[in-house]
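Protein chains: 2
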Amino acid sequence: MSDVIRIDNLFARRSVRNFTTKAVSDDQIELLLKAGMAAPSASNLKPWYFIAVTDRATLDHLAEVHPYAQMLRQAPLCLCVIGDPGINERYWVQDCSAATENILLAAVGLGLGAVWLGVHPRPERIDPIRQALRIPPELSPLCLIAVGHPAETPPPRTQYDSTRVHHNVW
Amino acid sequence: MSDVIRIDNLFARRSVRNFTTKAVSDDQIELLLKAGMAAPSASNLKPWYFIAVTDRATLDHLAEVHPYAQMLRQAPLCLCVIGDPGINERYWVQDCSAATENILLAAVGLGLGAVWLGVHPRPERIDPIRQALRIPPELSPLCLIAVGHPAETPPPRTQYDSTRVHHNVW
Numbered sequence: 001m002s003d004v005i006r007i008d009n010l011f012a013r014r015s016v017r018n019f020t021t022k023a024v025s026d027d028q029i030e031l032l033l034k035a036g037m038a039a040p041s042a043s044n045l046k047p048w049y050f051i052a053v054t055d056r057a058t059l060d061h062l063a064e065v066h067p068y069a070q071m072l073r074q075a076p077l078c079l080c081v082i083g084d085p086g087i088n089e090r091y092w093v094q095d096c097s098a099a100t101e102n103i104l105l106a107a108v109g110l111g112l113g114a115v116w117l118g119v120h121p122r123p124e125r126i127d128p129i130r131q132a133l134r135i136p137p138e139l140s141p142l143c144l145i146a147v148g149h150p151a152e153t154p155p156p157r158t159q160y161d162s163t164r165v166h167h168n169v170w
Numbered sequence: 001m002s003d004v005i006r007i008d009n010l011f012a013r014r015s016v017r018n019f020t021t022k023a024v025s026d027d028q029i030e031l032l033l034k035a036g037m038a039a040p041s042a043s044n045l046k047p048w049y050f051i052a053v054t055d056r057a058t059l060d061h062l063a064e065v066h067p068y069a070q071m072l073r074q075a076p077l078c079l080c081v082i083g084d085p086g087i088n089e090r091y092w093v094q095d096c097s098a099a100t101e102n103i104l105l106a107a108v109g110l111g112l113g114a115v116w117l118g119v120h121p122r123p124e125r126i127d128p129i130r131q132a133l134r135i136p137p138e139l140s141p142l143c144l145i146a147v148g149h150p151a152e153t154p155p156p157r158t159q160y161d162s163t164r165v166h167h168n169v170w
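In the order they appear, the protein sequences are chains A and B.
According to the working numbering, the stretch in the first sequence is residues 1 to 170, in order.
According to the working numbering, the stretch in the second sequence is residues 1 to 170, in order.
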């Protein structure tokens, strides 16, 4: 495996919003979550929980309560990434975001497609998702990840912009 | 390239805090930043900037002002990931965290080692780093990433914990 191929895998991760109805297997779900939990976290405190939603009625309900989650009517899987501010109030958003990115990249590795749907810090998204998934009040859903077998394949890309880069000092 | 190897790459990302003094090349720095900017961001707004620090005096100074950055006295490169709340106040932390995780994974792909050093939201870290790197007041450093050729190789791992996983509902 060349270094270039490894890097290209990062470029191949694109937001996929169209899925076939084929299920994501239990083994694949576990690998996605293993990837998520391989993310770094501040002081290795791992302030995260995950709900794997495959129930069709629940997926349809999530599509109703999140304004950009219509693809959950097709997608066979939604992972809800949940943070625990009681474990690390300062860094839980960063840690759960790293876990989310790992899951998106693992999906590419498994031939799946996925898209990150923002939830936190919008109360109008947090509240109905909390209610739908019965998330305890002391925890907060960071995001939803729609996952499935892709019905579209956006080409790899970086969005590298040299004007965003400084050397040694701003 | 098998799916398993791609997934394993995520498990191979471990925090590396010991480096040789060998430089990271300009091409490698650009690839790391291309990986960072390939991350997803909310509404694709890309609320990020990066400073690549290779100047020895600046690296030593950063080691002085961040309590867990002693490895910057050895490391040949520090990337500062900077967010722009003016571009997206709600999601810049999440977006810049995804970019940071991509950089850490790209480092693995290049045979380099790296570690994420938290900065935001601690003012006692933000302020001296802002001053050292002359970061504009409307922006905020999210983190520092120490990068170099690894002088240690922690074994791959996931920290998968099935008690963190729920199915369909909490």
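Note that the Cβ used here is the ideal one computed from N, Cα and C, for glycine as well.
For B/K22 and A/G36, the gap between their C-alpha atoms comes out near 31 Å.
Beta bridge pairing from DSSP links B/I51 with A/H166, B/C80. For B/N18, there are no C-beta contacts with chain A under 7 Å, since the nearest C-beta of that chain is about 16 Å from it.
Listed by position along chain B, the residues whose Cβ is nearer than 9 Å to that of A/S97 are V93, Q94, D95, C96, S97, A98, T100, E101.
In summary, A/S140 is buried, with 16 or more beta-carbon neighbours lying within 10 Å of its beta-carbon over all protein chains present. Looking at the DSSP output, B/P141 shares a beta bridge with B/I82. For B/L72, there are no neighbours in chain A by C-beta distance under 9 Å, as the nearest C-beta there is about 13 Å away. Taking the Cα of A/I29 as reference, the smallest distance to any Cα among A/D60, A/Q70, A/F50 is reached at A/F50.
Below 8 Å, enough C-beta pairs join the stretch 140–160 of chain B and the stretch 66–74 of chain B to call them touching: three or more.
As the crow flies, the alpha-carbon of B/A114 is around 43 Å from that of A/A57. Taken through DSSP and simplified to helix, strand or coil, B/V16 comes out as coil. In the structure shown, B/L117 adopts extended strand secondary structure according to DSSP, grouped into three states. Of A/S43, A/P47, A/S15, the smallest CA-CA separation from A/E138 is found for A/P47. DSSP places B/V147 in the strand class (E or B) of the three-state scheme.
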